[in-house]
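Structure first, then comments.
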Amino acid sequence: MTVKTDWTVTHACGHDQEHDLSAKRASRRAGYARWLATSDCTTYWRKAQDHDQGGDQQAWLAERRAQQMEQITSWERRADMPWLDGSDKAIAWARSIRFELLAAAYECFDVEEAYITELEQPARLITSASWWIDQRDAPAEDVVELIVDQAGDLLVPTGLENPF
1 MTVKTDWTVT HACGHDQEHD LSAKRASRRA GYARWLATSD CTTYWRKAQD
51 HDQGGDQQAW LAERRAQQME QITSWERRAD MPWLDGSDKA IAWARSIRFE
101 LLAAAYECFD VEEAYITELE QPARLITSAS WWIDQRDAPA EDVVELIVDQ
151 AGDLLVPTGL ENPF
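Under my numbering, residues 1 to 164 are what the sequence shown spells out, in order.
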(Lines of atoms letter the chains of each structure in order from A; the text may use other names.)
(Lines give C-alpha, C1' and ligand atoms only; values in the text may rest on other atoms or scores of the structure.)
Protein backbone atom coordinates (compact mmCIF):
# COMPACT_ATOMS: atom_id res chain seq x y z
CA MET A 1 0.00 0.00 0.00
CA THR A 2 1.44 3.37 -0.98
CA VAL A 3 1.18 6.63 0.90
CA LYS A 4 -0.96 9.13 -0.98
CA THR A 5 0.74 11.94 -2.83
CA ASP A 6 -2.25 14.22 -3.52
CA TRP A 7 -3.55 15.99 -0.42
CA THR A 8 -6.55 18.28 -0.06
CA VAL A 9 -5.57 20.87 2.52
CA THR A 10 -7.97 23.28 4.23
CA HIS A 11 -5.85 26.37 4.71
CA ALA A 12 -6.04 28.92 7.53
CA CYS A 13 -7.99 31.22 5.23
CA GLY A 14 -10.71 28.56 4.94
CA HIS A 15 -10.07 27.59 1.34
CA ASP A 16 -9.42 24.00 0.24
CA GLN A 17 -6.53 23.47 -2.14
CA GLU A 18 -5.06 20.36 -3.76
CA HIS A 19 -1.35 19.83 -3.22
CA ASP A 20 0.90 17.32 -4.96
CA LEU A 21 3.35 16.20 -2.27
CA SER A 22 5.06 13.52 -4.33
CA ALA A 23 8.35 15.42 -4.06
CA LYS A 24 8.30 14.91 -0.28
CA ARG A 25 9.35 11.67 1.41
CA ALA A 26 6.33 9.52 2.25
CA SER A 27 6.99 9.81 5.98
CA ARG A 28 6.98 13.62 5.78
CA ARG A 29 3.81 14.20 3.73
CA ALA A 30 1.25 14.21 6.53
CA GLY A 31 3.31 16.61 8.63
CA TYR A 32 3.88 18.90 5.68
CA ALA A 33 0.15 18.88 4.84
CA ARG A 34 -0.58 19.77 8.48
CA TRP A 35 1.92 22.64 8.26
CA LEU A 36 0.35 23.85 5.01
CA ALA A 37 -3.00 24.05 6.80
CA THR A 38 -1.55 26.68 9.14
CA SER A 39 -0.89 29.07 6.27
CA ASP A 40 -3.10 30.79 3.73
CA CYS A 41 -3.89 29.27 0.34
CA THR A 42 -1.93 30.40 -2.69
CA THR A 43 -4.49 33.06 -3.63
CA TYR A 44 -4.45 34.69 -0.18
CA TRP A 45 -0.69 34.34 0.05
CA ARG A 46 -0.27 36.20 -3.25
CA LYS A 47 -2.66 38.92 -2.09
CA ALA A 48 -0.63 39.28 1.09
CA GLN A 49 2.55 39.58 -0.95
CA ASP A 50 0.94 42.20 -3.18
CA HIS A 51 -0.24 44.13 -0.13
CA ASP A 52 3.16 43.72 1.47
CA GLN A 53 4.74 45.45 -1.47
CA GLY A 54 2.37 48.37 -0.97
CA GLY A 55 2.60 48.36 2.82
CA ASP A 56 -1.11 47.55 3.34
CA GLN A 57 -0.66 44.02 4.64
CA GLN A 58 -1.58 44.90 8.22
CA ALA A 59 -4.77 46.66 7.14
CA TRP A 60 -5.70 43.80 4.82
CA LEU A 61 -5.08 41.22 7.55
CA ALA A 62 -7.08 43.21 10.11
CA GLU A 63 -9.97 43.48 7.65
CA ARG A 64 -9.90 39.74 6.96
CA ARG A 65 -9.86 38.91 10.67
CA ALA A 66 -12.74 41.31 11.29
CA GLN A 67 -14.76 39.59 8.57
CA GLN A 68 -14.05 36.18 10.11
CA MET A 69 -15.06 37.37 13.59
CA GLU A 70 -18.24 38.89 12.18
CA GLN A 71 -19.12 35.51 10.63
CA ILE A 72 -18.33 33.72 13.91
CA THR A 73 -20.38 36.19 15.97
CA SER A 74 -23.35 35.80 13.64
CA TRP A 75 -23.18 32.00 13.94
CA GLU A 76 -22.82 32.16 17.73
CA ARG A 77 -26.00 34.24 17.96
CA ARG A 78 -27.94 31.87 15.69
CA ALA A 79 -26.71 28.79 17.57
CA ASP A 80 -27.14 30.44 20.99
CA MET A 81 -23.54 29.65 21.94
CA PRO A 82 -22.40 30.96 25.34
CA TRP A 83 -19.44 33.26 25.93
CA LEU A 84 -16.21 31.45 26.74
CA ASP A 85 -14.06 31.76 29.85
CA GLY A 86 -10.39 32.71 29.58
CA SER A 87 -8.10 35.56 28.60
CA ASP A 88 -9.13 37.87 25.76
CA LYS A 89 -6.61 36.29 23.37
CA ALA A 90 -7.62 32.76 24.33
CA ILE A 91 -11.31 33.57 23.94
CA ALA A 92 -10.83 35.02 20.45
CA TRP A 93 -8.80 31.99 19.37
CA ALA A 94 -11.17 29.49 21.00
CA ARG A 95 -14.24 31.10 19.40
CA SER A 96 -12.62 30.61 16.01
CA ILE A 97 -11.67 27.01 16.81
CA ARG A 98 -15.15 26.20 18.15
CA PHE A 99 -16.69 27.59 14.96
CA GLU A 100 -14.34 25.59 12.73
CA LEU A 101 -14.73 22.34 14.67
CA LEU A 102 -18.52 22.48 14.77
CA ALA A 103 -18.68 23.48 11.10
CA ALA A 104 -16.47 20.52 10.17
CA ALA A 105 -18.52 18.16 12.36
CA TYR A 106 -21.73 19.41 10.72
CA GLU A 107 -20.66 17.60 7.55
CA CYS A 108 -20.82 14.27 9.45
CA PHE A 109 -24.58 14.61 10.03
CA ASP A 110 -27.37 13.79 7.58
CA VAL A 111 -30.13 15.56 9.52
CA GLU A 112 -29.80 19.05 10.98
CA GLU A 113 -31.96 18.19 14.01
CA ALA A 114 -29.52 15.41 14.93
CA TYR A 115 -26.65 17.89 14.66
CA ILE A 116 -28.39 20.30 17.00
CA THR A 117 -29.30 17.73 19.64
CA GLU A 118 -26.16 15.58 19.49
CA LEU A 119 -23.55 18.29 19.01
CA GLU A 120 -24.71 21.89 19.51
CA GLN A 121 -26.58 21.32 22.76
CA PRO A 122 -23.68 19.58 24.53
CA ALA A 123 -21.24 22.11 23.01
CA ARG A 124 -23.13 24.92 24.75
CA LEU A 125 -22.07 23.43 28.10
CA ILE A 126 -18.35 23.78 27.31
CA THR A 127 -17.36 27.34 28.14
CA SER A 128 -13.64 26.84 28.75
CA ALA A 129 -11.60 28.52 26.03
CA SER A 130 -8.63 26.30 26.87
CA TRP A 131 -10.68 23.14 26.22
CA TRP A 132 -11.56 24.31 22.70
CA ILE A 133 -7.95 25.30 22.04
CA ASP A 134 -6.77 21.85 23.16
CA GLN A 135 -9.12 20.21 20.62
CA ARG A 136 -8.00 22.37 17.68
CA ASP A 137 -6.41 19.47 15.75
CA ALA A 138 -9.26 17.00 16.31
CA PRO A 139 -10.60 15.35 13.15
CA ALA A 140 -14.25 16.14 12.33
CA GLU A 141 -15.37 12.56 12.95
CA ASP A 142 -14.03 12.71 16.54
CA VAL A 143 -15.56 16.06 17.49
CA VAL A 144 -18.94 14.62 18.52
CA GLU A 145 -17.38 12.10 20.89
CA LEU A 146 -15.03 14.70 22.39
CA ILE A 147 -17.83 17.19 23.01
CA VAL A 148 -20.24 14.61 24.43
CA ASP A 149 -17.51 13.27 26.71
CA GLN A 150 -16.59 16.72 28.04
CA ALA A 151 -20.23 17.83 28.40
CA GLY A 152 -20.97 14.64 30.35
CA ASP A 153 -18.12 15.43 32.74
CA LEU A 154 -19.57 18.90 33.28
CA LEU A 155 -22.97 17.45 34.21
CA VAL A 156 -21.60 15.04 36.81
CA PRO A 157 -21.20 16.68 40.23
CA THR A 158 -17.65 16.34 41.48
CA GLY A 159 -18.46 16.86 45.16
CA LEU A 160 -15.72 19.46 45.47
CA GLU A 161 -17.98 22.49 45.63
CA ASN A 162 -19.04 23.76 49.03
CA PRO A 163 -22.87 23.73 49.06
CA PHE A 164 -23.06 26.28 51.91
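All C-beta atoms in this analysis are idealised placements derived from N, C-alpha and C, irrespective of residue type, glycine included. Keep in mind the model is a prediction, meaning the values are calculated, not measured.
The residues R124 and T127, in chain order, have a CB closer than 7 Å to that of P82 in the same chain once the five nearest residues on each side in sequence are set aside. Within 10 angstroms of the beta-carbon of V3 lie fewer than 16 other beta-carbons, which makes it exposed. When DSSP states are grouped into helix, strand and coil, Q67 belongs to the helix group. In terms of Cα proximity to E18, the closest of S27, T5, A26 and K24 is T5. Our two residues, A151 and Q121, have alpha carbons roughly 9 Å apart in a direct line. When DSSP states are grouped into helix, strand and coil, W83 belongs to the coil group.
In the three-state scheme derived from DSSP, where H, G and I count as helix and E and B as strand, E107 is classed as coil. Close CB contacts of Y44 within its chain, under the 6 Å cut and outside five residues either way in sequence, are with C13 (chain order). Every beta strand (DSSP E) stretch that sits fully inside the stretch 6-58 and reaches 3 residues is listed by chain position as 6-10 and 16-20. Within the same chain, and ignoring the five residues on either side of D85 in sequence, the residues whose Cβ sits closer than 7 Å to its Cβ are T127, S128 and A129.
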